[in-house]
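Chains as they are written, first to last, in my numbering: chain P, 90 to 319; chain F, 29 to 160.
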């Protein structure tokens, strides 16, 4: 065999060796590389990925906006609920003032009835006074600290006590506090001759009336329950 | 002889290639272009062998030169933001087809000539038999 031919054979063999080595190396690299990894993606693939992500971001931010809108709606609802409950509390407070479950304060008159030697103050006198005060627009009345409520009653117990609201037995002097327009109350009670004060004085009972600005009337201490009415 | 060298080269190359460490995916594009260029050179070499004008120096320079040049062009293309490697692939693969066509024609012609010769031979035999 010629020397030249051997060289050619060896050279070609080497060249083919290099070529196949590189080809297999390439096969192996392509096989083993994770094409989906971000670093290995081609530019156009990355582009589509980016646009996908942008779309997703747009969708999600849309959802976020919706959710935020809902949240603010709910917050408004909560706020209006709070307003409503505030109103309810206010209303309850007013109703309690009216029915006597709250201590109330205001201007009005204080009438003091005292037993004299000649005449004792009777339950009838007090009932009459309460009635008179109501006619003259009294909003809250108490006798010796006992609030007059819708079911209050005033009765004599023997000759010594007067009972109010079924529990309290009181004696002279009787201090009747009434909150209302002081002018109306006073003028209503002190009508000449036929007025309450004049007629009682005439009977020989001791009645005094004073106007006061800051009368405090305690709340009713008993239960306000209805069993049959509903 | 050359065929044996090719087979041995292929086998050894496959073993070496599988055992080599992986290259970075980023550079595998360059390697692919180099492979296409080298394959083109190999087919060119085969064609020249068949034509009888094979030159080892031309083959070797083509093999390595084309591979390196195509890698450089690809690199340039990346820098210029133009896919120059497409041009390289078109040229190399086009040439590969041309060379394959030449090889194919060579062998087909060789085979048909053989057939024709045999036919002529047979006819000659018949003629001689007929004369008898």
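Here a beta-carbon is modelled for each residue, glycine too, at the ideal position from N, C-alpha and C.
For residue j and residue i, the rounded distance between their alpha carbons
i	j	result
residue 188 of chain P	residue 201 of chain P	24 Å
residue 103 of chain P	residue 37 of chain F	6 Å
residue 33 of chain F	residue 105 of chain F	37 Å
residue 77 of chain F	residue 101 of chain F	29 Å
residue 275 of chain P	residue 312 of chain P	32 Å
residue 150 of chain P	residue 129 of chain F	60 Å
residue 64 of chain F	residue 98 of chain P	22 Å
residue 80 of chain F	residue 117 of chain P	37 Å
residue 163 of chain P	residue 171 of chain P	12 Å
Cβ of residue i within 8 Å of any chain P Cβ
i	result
residue 34 of chain F	yes
residue 106 of chain F	no
residue 84 of chain F	yes
residue 128 of chain F	no
residue 76 of chain F	no
residue 64 of chain F	no
residue 121 of chain F	no
residue 30 of chain F	yes
residue 144 of chain F	no
residue 56 of chain F	yes
Interface flag, residue i vs chain F, CB-CB below 8 Å
i	result
residue 98 of chain P	yes
Bridge-paired residues (DSSP) for residue i
i	result
residue 295 of chain P	P:203
residue 301 of chain P	P:197
residue 245 of chain P	P:251
residue 235 of chain P	P:232
residue 264 of chain P	P:201
residue 259 of chain P	P:251
Residue i CB to nearest heavy atom of the ligand PLP below 7 Å
i	result
residue 122 of chain P	Absent from the structure shown: the ligand PLP. Ligands present: none.
Check each residue of the segment 37-52 of chain F: if its Cβ is closer than 7 Å to any Cβ of chain P, include it; give the result in chain order. Along the segment 37-52 of chain F, going in chain order, the ones with a CB nearer than 7 Å to a CB of chain P are 37, 38, 40, 41, 42, 44, 45, 46, 48, 50 and 51.
Pull out every residue of the segment 100-122 of chain P whose Cβ sits closer than 9 Å to any Cβ of chain F, in chain order. The segment 100-122 of chain P vs chain F, Cβ under 9 Å: 100, 101, 102, 103, 104, 105, 106, 107, 108, 109, 110, 111, 112, 113, 114, 115, 116, 117, 118, 119, 121 and 122.
Which runs of the alpha helix (DSSP H) spanning at least 4 residues fall entirely within the segment 180-229 of chain P, listed in chain order? Within the segment 180-229 of chain P, complete alpha helix (DSSP H) segments of at least 4 residues are found at 212-224, given in chain order.
Which residues, in order along the segment 90-118 of chain F, keep a beta-carbon less than 8 Å from a beta-carbon of chain P? So the close ones are 91.
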